[in-house]
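First residue of the sequence shown: 2, per this note's numbering; consecutive thereafter.
Shown next, in structure tokens, is the structure this report addresses.
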Amino acid sequence: MADTHNTIPDEGIDAEAAYRLVHDETMLDGNARLNLATFVTTWMDDFADKLYADMFDKNLINKDEYPQTAAIEERSWCIIADLWHSPNAANAIGTSTVGSSEHPMRDGHDLANYVDENTIGVVAILGVTYTGSYEPVVEI
Numbered sequence: 002m003a004d005t006h007n008t009i010p011d012e013g014i015d016a017e018a019a020y021r022l023v024h025d026e027t028m029l030d031g032n033a034r035l036n037l038a039t040f041v042t043t044w045m046d047d048f049a050d051k052l053y054a055d056m057f058d059k060n061l062i063n064k065d066e067y068p069q070t071a072a073i074e075e076r077s078w079c080i081i082a083d084l085w086h087s088p089n090a091a092n093a094i095g096t097s098t099v100g101s102s103e104h105p106m107r108d109g110h111d112l113a114n115y116v117d118e119n120t121i122g123v124v125a126i127l128g129v130t131y132t133g134s135y136e137p138v139v140e141i
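Here it is as structure tokens:
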């Protein structure tokens, strides 16, 4: 029998077997509803589950292919700006992160883990929460 844990079998395996393999192995993981230590969703109602199932295959970064999804994303920035009492929430500018884009956007924050009182580091801010202005990166 092929080692299905570390290799891709020459003949493959059927979809149900692949599902069962991953499903059964992850049963040993913790209960997500009890995970209050990280920023994760611990519960969603049935409509949120259905909406996720309807949308999970869309690639949010491809705004030409998914213009309505992009429009919802842009409205979300305005909603958040309004929640934060932005003086011009209707014209808010924002960004979202999907997968690998999140880490580079947080790089300045992560830099703090590698410095001490003898280190000089400069991080330019490319975008203020609701004005969209940025620091003069080249000059810095």
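Cβ coordinates follow ideal geometry from the N, Cα and C atoms, glycine included.
Counting only the Cα atoms, Met45 lies some 24 Å from Trp85. Minimum Cα-Cα distance from Ser97 among the listed residues Leu29, Ala18, Glu75, Ala91 corresponds to Glu75. Thr43 sits close to Asn36, with the two beta carbons spaced by under 9 Å. For Leu84, the enclosing alpha helix (DSSP H) begins and ends at 68 to 84. The three-state secondary structure of Asn92, taken from DSSP, is helix. Under the DSSP assignment, Tyr53 falls in the alpha helix (DSSP H) whose first and last residues are 47 to 56. In this structure, the straight-line span from the alpha carbon of Ile73 to that of Glu12 is close to 42 Å. Tyr67 is positioned such that its CB atom lies closer than 9 Å to that of Asn60. Sequence-distant partners of Asp25 (beyond 5 residues in either direction) whose C-beta falls short of 6 Å from its own C-beta are missing from its chain.
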